[in-house]
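Chemist: Got a structure here, written out as structure tokens. Questions coming.
Residue numbers (our numbering): 2 to 134.
Structural data, given as structure tokens:
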């Protein structure tokens, strides 16, 4: 295949249309301190001045539409670690967006590219992705 080794995944949609998927990354985040965690995670209505709470749909719209090169697809926030699933063309695109959003003020980011991404939410008959080492 002509795309092998280029780090992009093509999907043939018809004889003349090819769609390219971004690479998948898992980010591990650690808050700098309990104070930065409290500030980042607190309910917006408890801030000074209070702000409106967002909906999951608003978060998803922001994560999907604000930056054409970077998409945050999922996030998990725990008391010690947080994880995000990102789609982007490169690690650097994520790091640049992370910086632009001002997130280094609150937490660190450790990125790991993932060559396989499957989800329970995709119940299709597409073939699993494999990698020969």
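Using N, Cα and C, we set each Cβ at its ideal position, and we do this for glycine too.
#1: Residue range of the beta strand (DSSP E) that residue 28 falls in?
#2: Over the uninterrupted beta strand (DSSP E) stretch that includes residue 53, give me the two end residues.
#3: In whole angstroms, what separates the C-alpha of residue 97 from that of residue 133?
#4: With H, G and I counted as helix, E and B as strand and the rest as coil, what does DSSP make of residue 104?
#5: Measuring CA to CA, which of 101, 75, 91 is closest to residue 23?
#6: DSSP state of residue 38, grouped into three classes?
#7: Using C-beta distances below 7 Å, list every residue in its chain close to residue 27, excluding the 5 sequence neighbours before and after it, in chain order.
#8: For residue 121 and residue 25, which I take to be in contact (beta-carbon distance under 8 Å), what is that distance rounded to the nearest angstrom?
#9: Identify, in the order they occur along the chain, each residue of the same chain with its Cβ nearer than 8 Å to the Cβ of residue 110, setting aside the five sequence neighbours on each side.
Modeler: According to the data block:
#1: 24-32
#2: Looking at the DSSP string, residue 53 is not in any beta strand (DSSP E), and its letter there is neither H nor E.
#3: 32 Å
#4: helix
#5: 91
#6: helix
#7: 84, 86, 113, 115
#8: Not confirmed; about 16 Å, so no contact.
#9: 28, 29, 30, 95, 96, 99, 104
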